[in-house]
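Protein chains in written order, with our numbering: chain A, 45 to 296; chain B, 45 to 296; chain C, 45 to 296; chain D, 45 to 296. Glycine is no exception: its CB is placed at the ideal position from the N, C-alpha and C atoms. If you're wondering where the values come from, they're calculated on a predicted model, not measured in any experiment.
Protein chains: 4
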Amino acid sequence: MEKIIINQYKRPRLASPVLIGGLPGIGNVGKIAAEYLVEKLKMEKFADIYSQYLPPQVFIDDTGVVKLVRNTLYYKKLKGRSDLLVLVGDFQGTTQEGQYEMSYQILELARKLEVSMVYTLGGYSTGKIVEIPRVLGAVTDESLVKALTDSGVVFPKGEPGGGIVGSAGVMLGLGKELFSMQGACLMGETSGYFADPKGAKEVVKILVNLLSLEVDLSDLEERSKQIEQITEKMQEDVQGKVTQKDDLGYFG
Amino acid sequence: MEKIIINQYKRPRLASPVLIGGLPGIGNVGKIAAEYLVEKLKMEKFADIYSQYLPPQVFIDDTGVVKLVRNTLYYKKLKGRSDLLVLVGDFQGTTQEGQYEMSYQILELARKLEVSMVYTLGGYSTGKIVEIPRVLGAVTDESLVKALTDSGVVFPKGEPGGGIVGSAGVMLGLGKELFSMQGACLMGETSGYFADPKGAKEVVKILVNLLSLEVDLSDLEERSKQIEQITEKMQEDVQGKVTQKDDLGYFG
Amino acid sequence: MEKIIINQYKRPRLASPVLIGGLPGIGNVGKIAAEYLVEKLKMEKFADIYSQYLPPQVFIDDTGVVKLVRNTLYYKKLKGRSDLLVLVGDFQGTTQEGQYEMSYQILELARKLEVSMVYTLGGYSTGKIVEIPRVLGAVTDESLVKALTDSGVVFPKGEPGGGIVGSAGVMLGLGKELFSMQGACLMGETSGYFADPKGAKEVVKILVNLLSLEVDLSDLEERSKQIEQITEKMQEDVQGKVTQKDDLGYFG
Amino acid sequence: MEKIIINQYKRPRLASPVLIGGLPGIGNVGKIAAEYLVEKLKMEKFADIYSQYLPPQVFIDDTGVVKLVRNTLYYKKLKGRSDLLVLVGDFQGTTQEGQYEMSYQILELARKLEVSMVYTLGGYSTGKIVEIPRVLGAVTDESLVKALTDSGVVFPKGEPGGGIVGSAGVMLGLGKELFSMQGACLMGETSGYFADPKGAKEVVKILVNLLSLEVDLSDLEERSKQIEQITEKMQEDVQGKVTQKDDLGYFG
């Protein structure tokens, strides 16, 4: 079989689309943010990606029906603004080769759809609970920094120290070097200890600003509050009455 | 060499055949069940599959003759019913790529033989000894649930939680997405601590019902009883006279 | 680059040649035996095999000159008997794929040279020091058992239990299934704790018998005695005056 | 995508160029030495190499701009002497296959540029701090030993015992066997516990001698002194007032 099989069942005509990639990763921040956009913008599925670079696995839904693990692409036509493509998925490629190949082939498809700007979404692990997560940025071209800063993204020098590992980094890197695509990575701060809607909410806010989207954030706020209550409860349990909250360490 | 070499030495003409896959896995339930069918139905071997995705190994029989590890396909023509294909083997593909490729190429061969329905057999690990193992099901299409339920298969919501990993899952997933084949996975409950004929017996019973097979189950019942006696003995040894049997934990 | 590069710098014309494979493995028995034949029969090098399946490494000789790791083929024309090919090397293929591919390509070359019989040499780990190592056999065809037994090879039922893993097994398995070549594996018993000339000596003796070779065994006998003295010394040191020698366990 | 993508954006015409390879490795000696040459000789970048054999990662510079990990080639035209090519990079190929493939394709490019001599730079781990690191050599041809010895390289018998593993070895090995290129490996002694400019300085000195380069060594001397001060401090801290310096063991 082909190492990557893209089953594209719709051929949307798009106007200057931007691609947003949100695959599983640190705190699942990117995945939660991207799936939230898909849901709230009622985006339309148009391609499934199967691959040997994904685990050999099916999931089972509540009716007993299996679903082969995959990445999926959605689109949304937006009047007067750039149209939107969103990449979500069950897994990132599980090997080094898989990381490169999957990013490359998705970028090839993006080029055919005339994408010229890519946003990759991810988490930035702080190792502790953060009250209000910042969104850190990285870009393919310095000229992009200003617009992102204006939208609330921060570019602290020397962070993230090790650069960006995985899909969120490789899509920008390959996009820049091999596809002449501009791109930015938006990393929501997260403790990294659990799937974290708080970091995701901040990332979605930035995207709403940048791309003039109309997205109701209330569900994500609700989920963030629930997580906050759980983590506060856990902190109290762990630390007794000590109220110091900024250095929880691993508790899960 | 080709990564997978299928040596098909017979070309059976089959009437609406179903493919049953039973490779080694949890409790070897699928393998035991599939090999039992091959033996009791006196099925005919028609293809051997060698591969770089299998361990680099030969087995040695009692006469000193080596046998390269492989997967093997058998067939049986059955009057008035669907003909039968059974896949058995020494190993599943040992890598992620191997899992996908081997499943894909076996499905390709199955399509040439006009297979339109695939059953994959496996074990479902309960982590404890079960008196009467249930057979859990998963399907490629909700319309298949009723016939399976009528034959005794159960579809408990949220089980198996992580989906199905390995050949039993991938063959259904690829069959559905790339070959338009319907399929079902039958998972016999097993402690998972040893090769388990009890779970296999329940799986064979379901297949006998579903496919109107005539299979003498007495040998499998005999082997199940032997295993039961051994595990009861072990429980007594481990737990003294305590007769509580439903939570043995790991003893082997 | 090609995954395997065979640099064949001579084209020997051979009469009904047999191929003997002796790569590193358990106790290095096969490698020691094969290299001994190459040396004592003054065999001629005719092909080097480089590969991505071997470690990315060069060795350095006493003059400071590097040598890329490799497998090497030697030949010897023998009047009135089968000509001889011997395969030796620094390493076996290091991955499952490498095991299959390297064996396959060497067999392809062997077929071009009209080889119809393959002997693979290896060690059989006993886990203890053996006074007089046996040579265990495995064959591609039951008809080969008698001649081997007559030459002193033993075929104990159920040994080796797990079959033969690695080059010594795969070359026979692929030779049989894909090249219609007959073959036998000769496994010299060895503790498995160190490079073992004793097991190798017994393997060479068998080959001398089987193939009517003229090989002076005195050097190998000398090296075996040296090893015996070292291990006896170690046993005394380890066990005090206890002279029981048959169950040393791991001491190295 | 191609497994290795070489983006060559300049086509220098070179006179009998030599290639110097200095990728990350033991004590980063080779990388530090090669990057020092690039900087001090104001060498010109002419090709970037991206690959699936490198980690799926981007680095981020102080302006927030990402850079896909890579290897890079520089050149320098030198009047009256051999022109110079230098290979530097963020990583070596991370797999065995990657080690071979990347070395092979770089050698292919080198051949097109008419390179006939390759120097690979590396570290030789002594496991302790050395006052004045030696530079050990290994060559593809014995005739090269004299010129290297005259330049201060040493060829101690039996060192390095295990040969040379990784890019520094494979480039010589493949260069010799498949490209008829001569080559030498220069290994600066280093404790191996940290990035070590002292070993690198000695390697650069040798190259300056061998290739009649004009390179100001003062920066590297400065960095070596700093490292020396730090390690002396650490030794004092670790060992109290004990001044014995030649066997630090792992402290970092």
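- Pairwise C-beta distances place the segment 246 to 256 of chain A in contact with the segment 191 to 202 of chain A, as three or more of them are shorter than 8 Å.
- Where I150/C is concerned, the enclosing alpha helix (DSSP H) starts and stops at 140 to 156.
- Cβ neighbours of F223/A within its own chain (closer than 6 Å, five residues either side excluded): L151, R155.
- Distance between R114/C and G133/D, taken at the CA atoms: about 27 Å.
- A distance below 8 Å between beta-carbons, with the five flanking residues on each side excluded, links L218/A to the following residues of its chain, in chain order: Y144, S147, Y148, L151.
- Here DSSP, grouped into helix, strand and coil, assigns K120/A to strand.
- The beta carbons of M161/C and V62/C sit closer together than 7 Å.
- About 5 Å separates the beta carbon of S268/A from that of K245/A, a gap short enough to meet the 8 Å contact definition.
- A direct Cα-Cα distance of roughly 15 Å separates P99/C from M45/C.
- In this structure, the CA atom of I93/D is about 11 Å from the CA atom of L153/D.
- About 10 Å separates the beta carbon of G181/A from that of V110/D, a gap too long to meet the 8 Å contact definition.
- In terms of CA proximity to K242/A, I274/A leads the group L129/A, I274/A, A91/A, T107/A.
- Close to P68/C, with beta-carbon spacing below 9 Å, lies no residue of chain D; the smallest spacing is near 14 Å.
- Inclusion of L67/B and F90/B in the CB contact set at 7 Å is not warranted, their separation being larger than that value.
- Within the segment 93 to 125 of chain D, contact with chain A at the beta-carbon level (separation under 7 Å) is assigned to Y94, Q96, P99, P100, Q101, V102, F103, I104, D106, T107, G108, V109, V110, L112.
- Closer than 7 Å to the CB of M45/C there is at least one CB belonging to chain D.
- Taking Q52/B as the centre and dropping the five residues before and after it, the same chain places the C-beta of F90, A91 closer than 7 Å to its C-beta, in chain order.
- Interface flag for L216/D against chain C is set, since a Cβ pair is found closer than 7 Å.
- Taking C-beta atoms as the reference points, V259/C and K84/C count as a pair closer than 7 Å.
- By the C-beta density criterion, I173/B is buried, having at least 16 other C-beta atoms within 10 angstroms.
- Where I250/B is concerned, the enclosing alpha helix (DSSP H) starts and stops at 241 to 255.
- Relative to the Cα of A191/C, the nearest Cα in the group G167/C, L230/C, M225/C belongs to L230/C.
- Between the alpha carbons of L216/A and V159/A lies a gap of roughly 13 Å.
- When C-beta distances to chain D are compared with 9 Å, the residues of the segment 49 to 65 of chain C below that value are I49, N51, in chain order.
- Note on D127/C: 16 or more other CB atoms within 10 angstroms of its CB, so buried under the neighbour-count rule.
- Here A78/C carries a helix assignment [DSSP, helix/strand/coil].
- As the crow flies, the alpha-carbon of T139/A is around 14 Å from that of G142/B.
- P200/C is classed as exposed because its beta carbon has fewer than 16 other beta carbons within 10 Å across all chains shown.
- With a threshold of 7 Å between beta carbons, I76/A makes no contact with chain D.
- In the three-state reduction of the DSSP assignment, M215/C falls in the helix class, which pools H, G and I.
- Spanning the alpha carbons of I49/D and F135/A requires a straight line of approximately 26 Å.
- S235/C has its alpha-carbon roughly 32 Å from the corresponding atom of K120/C.
- Think of a sphere of 8 Å around the beta carbon of T170/A: no beta carbon from chain B falls inside it, the nearest being about 29 Å out.
- For A91/B, no alpha helix (DSSP H) segment is defined; the enclosing uninterrupted segment is the beta strand (DSSP E) at 88 to 95.
- With respect to L165/C, A77/C sits close: the two C-beta atoms are nearer than 7 Å.
- The beta carbon of K86/C does not come within 7 Å of any beta carbon belonging to chain B, so the residue lies off that interface.
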